[in-house]
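Presented below is the structure to which this report refers.
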Amino acid sequence: MQKPFQPFQAGRRREDYGALTGNARYVDDLRSPAGRPPALHMLVVRSPYAHARIVSIHLDKVRSLPGVVGAFTGAELVHGMPTLPIGPMPGVFDPGRHPLAVERAHYVGDPVAVILAETLPIAEDARDLVDVEYEVLPAVVDLEQALEAEAPLLYEGLGSNVAFVHHLRGGESEVTFARADHVLHLRLENQRLAPSSLESRACMFDFDPGSGQLSAWVSSQAIFRVRETLAMFLGLDTGNILVHNAEVGGAFGAKNVFLGEEVVAAYLAMTHKRPVKWIEQRDENLQAQSQGRGQVHDIEAAFQADGILLGLKLRSLADLGAFLVATTTMVPTRVPLMLCGPYQVQAVESEVIGVFTNKATTAPYRGAGRPEATYIVERVMDRIAHELDIDPAEVRRRNFIAPQDFPYRTVTDVIYDSGNYQAILERVLELGDYPDWRARQRAYRASVHPRLLGIGLASFIELSGDSVASPAHMPREAATVRVRRDGTILVQCGVAHNGQGHFTTLARIAATVFQLPVEQVEVYMNDSSLPGYSVGTFGSRITQVTGSAVLLAAEAVRDKALHCAACLLEASAADMVLEQGSISVRGTPARVITLGDVARQVEEQPELIEREVPNPANGTAIEGLAAWREYSPAGAAYASGAHLAVVEIDPDTGEIQILNYVAVDDCGRVLQRELAEAQIHGSLAQGIGQALYEEVVYDEDGQLLSGTLLNYALPLAHMLPAFITDFVETPSPFNPLGAKGVAESGCIGAPPAIVNAVLDALFPLGITTIDMPLTPEKIWALLHIRRQRDV
Numbered sequence: 000m001q002k003p004f005q006p007f008q009a010g011r012r013r014e015d016y017g018a019l020t021g022n023a024r025y026v027d028d029l030r031s032p033a034g035r036p037p038a039l040h041m042l043v044v045r046s047p048y049a050h051a052r053i054v055s056i057h058l059d060k061v062r063s064l065p066g067v068v069g070a071f072t073g074a075e076l077v078h079g080m081p082t083l084p085i086g087p088m089p090g091v092f093d094p095g096r097h098p099l100a101v102e103r104a105h106y107v108g109d110p111v112a113v114i115l116a117e118t119l120p121i122a123e124d125a126r127d128l129v130d131v132e133y134e135v136l137p138a139v140v141d142l143e144q145a146l147e148a149e150a151p152l153l154y155e156g157l158g159s160n161v162a163f164v165h166h167l168r169g170g171e172s173e174v175t176f177a178r179a180d181h182v183l184h185l186r187l188e189n190q191r192l193a194p195s196s197l198e199s200r201a202c203m204f205d206f207d208p209g210s211g212q213l214s215a216w217v218s219s220q221a222i223f224r225v226r227e228t229l230a231m232f233l234g235l236d237t238g239n240i241l242v243h244n245a246e247v248g249g250a251f252g253a254k255n256v257f258l259g260e261e262v263v264a265a266y267l268a269m270t271h272k273r274p275v276k277w278i279e280q281r282d283e284n285l286q287a288q289s290q291g292r293g294q295v296h297d298i299e300a301a302f303q304a305d306g307i308l309l310g311l312k313l314r315s316l317a318d319l320g321a322f323l324v325a326t327t328t329m330v331p332t333r334v335p336l337m338l339c340g341p342y343q344v345q346a347v348e349s350e351v352i353g354v355f356t357n358k359a360t361t362a363p364y365r366g367a368g369r370p371e372a373t374y375i376v377e378r379v380m381d382r383i384a385h386e387l388d389i390d391p392a393e394v395r396r397r398n399f400i401a402p403q404d405f406p407y408r409t410v411t412d413v414i415y416d417s418g419n420y421q422a423i424l425e426r427v428l429e430l431g432d433y434p435d436w437r438a439r440q441r442a443y444r445a446s447v448h449p450r451l452l453g454i455g456l457a458s459f460i461e462l463s464g465d466s467v468a469s470p471a472h473m474p475r476e477a478a479t480v481r482v483r484r485d486g487t488i489l490v491q492c493g494v495a496h497n498g499q500g501h502f503t504t505l506a507r508i509a510a511t512v513f514q515l516p517v518e519q520v521e522v523y524m525n526d527s528s529l530p531g532y533s534v535g536t537f538g539s540r541i542t543q544v545t546g547s548a549v550l551l552a553a554e555a556v557r558d559k560a561l562h563c564a565a566c567l568l569e570a571s572a573a574d575m576v577l578e579q580g581s582i583s584v585r586g587t588p589a590r591v592i593t594l595g596d597v598a599r600q601v602e603e604q605p606e607l608i609e610r611e612v613p614n615p616a617n618g619t620a621i622e623g624l625a626a627w628r629e630y631s632p633a634g635a636a637y638a639s640g641a642h643l644a645v646v647e648i649d650p651d652t653g654e655i656q657i658l659n660y661v662a663v664d665d666c667g668r669v670l671q672r673e674l675a676e677a678q679i680h681g682s683l684a685q686g687i688g689q690a691l692y693e694e695v696v697y698d699e700d701g702q703l704l705s706g707t708l709l710n711y712a713l714p715l716a717h718m719l720p721a722f723i724t725d726f727v728e729t730p731s732p733f734n735p736l737g738a739k740g741v742a743e744s745g746c747i748g749a750p751p752a753i754v755n756a757v758l759d760a761l762f763p764l765g766i767t768t769i770d771m772p773l774t775p776e777k778i779w780a781l782l783h784i785r786r787q788r789d790v
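Below, the structure is given as structure tokens:
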């Protein structure tokens with residue numbers, strides 16, 4: 000039996016030095032390659048209307064402005080290009096979205112023209128000279144109004160605004176509901192969110208007409224998807240496209256696919272034979288970047304008098320926005336699959352209706368379906384507890400899947416690989432002083448001047464390590480590990496690093512295999528020419544999937560090195576001992592050879608080892624003391640967790656203060672505690688942001704009311720509490736590291752924990768429902784209505 004991979008010792012992240020010293024190079028820091036002319040700057044002209052026919056676009060004044068290299072309408076540029084791929088889903092209506100708007104604009108911010116200029120200020124001056132004549136059309140913004148027969152249509156050929164209807168049925172819902180003691184009804188909204196990464200979308204392209212090679216520098220989550228997309232739109236062979244990922248200032252799911260402007264920038268670089276750079280401005284980012292969530296749920300929950308949840312019925316309206324990208328439909332259709340959470344639900348029946356509206360498109364945002372599903376089931380759990388007067392922790396205990404039942408197949412046909420949900424909950428209750436807070440709450444409520452103190456819980460599961468299918472000839476992840484002549488180790492993979500700590504993680508995995516200091520391992524990624532492959536950095540998957548590929552490659556090279564050393568030292572491979580960068584014969588320490596010497600001998604005598612199978616990434620063989628290994632997990636790993644929030648509400652202002660916040664996660668074997676905690680802290684900030692502050696808001700005409708960071712309220716550091724975090728480990732059997740994901744847990748657990756805490760505080764006042772974000776104005780209004788009733 001293979002010995003479990005051991006956690007790493009704490010150490011500094013190697014990614015941080017450049018950012019902390021100001022030497023990190025983002026796309027906007029890049030300049031044209033040596034020998035090439037300065038980069039042209041592309042600027043996008045966007046529709047100010049949510050729905051309008053483009054009558055004409057006049058660009059003569061723009062083209063005559065000194066420094067302007069070109070100005071183009073959407074129709075001029077995208078003629079002959081394919082439309083954006085929408086992903087495999089039967090029965091979905093494809094509106095045929097081009098990289099730029101043609102004939103109609105369908106949301107505020109829809110790109111209708113582009114300007115190419117020598118400098119960005121010239122391009123900005125030129126944009127003011129663009130004259131676009133629009134015929135304004137009625138817009139539809141509200142999801143339920145979009146379904147009405149008289150609603151304005153985004154696409155007349157469809158005959159409605161319904162892009163798809165998706166049904167899922169698991170178990171016998173009618174029988175289950177018939178034998179229930181109680182049925183409750185909830186209407187919940189998961190508001191639209193703007194990912195709002197520190198760095199907006201960014202790209203630079205350069206085309207060499209002599210070699211036919213297109214070089215791309217992007218801020219992306221998936222460099223190989225970038226390569227495939229550019230090849231499809233530009234008619235190039237993937238072998239002629241080289242993609243580099245620059246430093247990435249946040250992505251959170253929104254930089255996983257191109258929305259169109261990036262393709263246009265690449266096309267202009269080809270046609271003008273000069274580098275072209277496009278950096279999305281912040282107002283554009285809030286208008287036109289894909290947004291997250293945007294769902295309205297009607298739920299029925301059947302349960303017994305003892306608090307056992309029997310079944311759920313869900314009718315979900317999913318706001319798709321004005322068009323689809325490859326990942327748009329995946330998010331709302333994933334929600335029903337995750338609806339069981341960590342509980343033994345006997346029946347689930349759902350209908351998900353995808354609805355077009357005159358807004359920016361929706362796509363994955365940190366959590367991607369798991370936050371929405373968890374919010375539903377955790378609100379249900381607390382409502383059951385309050386209706387039956389059972390402690391919310393006890394209700395969860397009674398419904399958990401038992402540890403001995405794993406692997407567990409849910410009624411929605413999802414297989415959970417491992418877990419211990421009871422242990423996680425007990426740990427969060429212990430760390431959060433749950434009994435003491437409940438005692439204080441009872442005392443506050445019994446006092447002459449009651450204080451509005453609430454305690455909220457959330458238990459959840461987190462799908463991780465699974466992904467969309469990669470091309471038929473490619474693995475999901477692959478890496479090459481090499482021993483170099485100086486005895487150091489080189490790791491090469493296809494990961495698009497977004498700041499999570501992948502350089503540190505992969506270096507430590509390889510260093511552990513070779514029993515070397517981590518400083519003697521160098522990691523290369525962010526380059527499609529490297530001997531590696533990756534479907535992308537998303538879904539909390541890199542440690543368990545890419546990390547496993549690196550582990551397998553490192554073990555293969557180590558075994559090759561031991562075999563070669565045995566040949567060179569004329570000893571048995573079973574007697575080889577690897578220590579501190581040298582290989583010796585057991586019992587005869589004088590017979591020794593360094594790893595570097597073995598690598599040199601292999602380079603000079605290739606016959607010493609069996610040649611690797613050619614690298615599928617670029618068709619070349621793996622030379623020297625190295626190994627390419629690919630890895631596709633047998634199944635997804637299901638992380639889990641429990642959160643506890645304690646809040647107090649100021650009855651005069653509606654302000655919510657978080658007094659205590661505890662998060663306990665099971666992310667499998669914790670390889671690096673400090674990196675796992677950092678991911679939890681970051682996702683908690685975003686999860687609490689959704690619960691209390693953030694919302695994308697449009698008016699009835701489709702105008703964006705949250706179009707600046709003055710209107711879109713991101714939480715600041717002082718608005719967040721100090722977090723208490725801990726881990727319960729149940730290793731995944733689906734990867735050799737035993738790892739599971741953790742990066743999205745805060746976005747999954749925080750919204751229901753915070754909302755449940757606030758509703759717990761308001762429960763004595765008869766307030767049982769409220770939609771996020773829980774702004775002071777919203778809370779104050781509810782309290783004001785209650786006071787008026789009591790007068």
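Each step along the sequence shown adds one to the number in numbering that gives the first Met the number 0, with nothing skipped, and position 742 is 741.
Quick reminder that beta carbons are idealized off the backbone N, C-alpha and C, glycines included.
Going straight from the alpha carbon of residue i to that of residue j, what length do you get?
i, j, result
"residue 688", "residue 516", "40 Å"
"residue 469", "residue 256", "Its pLDDT being 41, under 50, residue 469 is placed unreliably in this model, and the coordinates cannot settle the point."
"residue 87", "residue 501", "30 Å"
"residue 467", "residue 400", "Confidence at residue 467 is low in this model, with a pLDDT of 42, below 50, so its placement is unreliable and the value that follows should be read with caution. Cα-Cα distance, rounded: 27 Å."
"residue 231", "residue 284", "25 Å"
"residue 766", "residue 657", "19 Å"
"residue 276", "residue 395", "52 Å"
"residue 428", "residue 777", "29 Å"
"residue 289", "residue 497", "18 Å"
"residue 586", "residue 593", "17 Å"
"residue 541", "residue 29", "27 Å"
"residue 787", "residue 646", "24 Å"
"residue 700", "residue 138", "6 Å"
"residue 708", "residue 25", "22 Å"
"residue 450", "residue 686", "26 Å"
"residue 359", "residue 106", "6 Å"
"residue 624", "residue 392", "55 Å"
"residue 263", "residue 460", "40 Å"
"residue 397", "residue 423", "14 Å"
"residue 180", "residue 379", "15 Å"
Contact check, residue i vs residue j under 8 Å by CB: the rounded distance?
i, j, result
"residue 220", "residue 537", "5 Å"
"residue 637", "residue 415", "4 Å"
"residue 109", "residue 45", "6 Å"
Going by beta carbon distance, what residues of the same chain come within less than 7 Å of residue i, once the five residues before and after it are set aside?
i, result
"residue 331", "294, 315, 317, 351, 353"
"residue 157", "92"
"residue 47", "107"
Quick one: residues in its chain with C-beta nearer than 8 Å to the C-beta of residue i, no 5 flanking neighbours on either side, listed in chain order?
i, result
"residue 674", "12, 499, 500, 503, 504"
"residue 0", "Summary for residue 0: the model assigns pLDDT 39, below 50, so the residue's position carries little reliability; its value from the coordinates is reported in the next sentence. Excluding positions up to five away in sequence, the list is empty."
"residue 281", "199, 707, 708"
"residue 760", "451, 452, 453, 646, 647, 648"
Suppose the cutoff is 6 Å on Cβ atoms and the five residues either side in sequence are ignored; what does the same chain contact list for residue i look like?
i, result
"residue 193", "285, 290, 695, 711"
"residue 413", "336"
Quick one: which unbroken alpha helix (DSSP H) runs of 4-plus residues sit fully inside the stretch 678 to 746? Chain order, please. none
Three CB pairs or more closer than 8 Å across the stretch 634 to 649 and the stretch 456 to 464: yes
Determine contact between the stretch 519 to 528 and the stretch 482 to 490, defined as no fewer than three beta-carbon pairs at a distance below 8 Å. yes
Segments of 3+ residues assigned as beta strand (DSSP E) that fall wholly inside the stretch 105 to 139: Segments of the beta strand (DSSP E) lying fully in the stretch 105 to 139: 110 to 116, 130 to 135.
Are at least three pairs of beta-carbons, each pair with one atom in the stretch 641 to 656 and one in the stretch 550 to 562, less than 8 Å apart? no
Mind listing, in chain order, the continuous alpha helix (DSSP H) runs of no fewer than 4 residues lying wholly within the stretch 304 to 341? 329 to 336
Are the stretch 745 to 761 and the stretch 361 to 373 in contact at 8 Å, needing three or more beta carbon pairs? Per the Cβ contact rule, the stretch 745 to 761 is in contact with the stretch 361 to 373 (3 or more Cβ pairs under 8 Å).
What alpha helix (DSSP H) runs, 4 residues minimum, are completely inside the stretch 7 to 43? List check, alpha helix (DSSP H) in window: 15 to 20.
When the Cβ atoms of the stretch 572 to 590 are set against those of the stretch 665 to 682, are three or more pairs found closer than 8 Å? no
Can you confirm whether the stretch 333 to 348 touches the stretch 295 to 311 when touching is taken to mean that 3 or more C-beta pairs between the two stretches lie within less than 8 Å? yes
Entirely enclosed alpha helix (DSSP H) segments - the stretch 361 to 423, minimum 4 residues: Listed in chain order, they are 369 to 387, 391 to 398.
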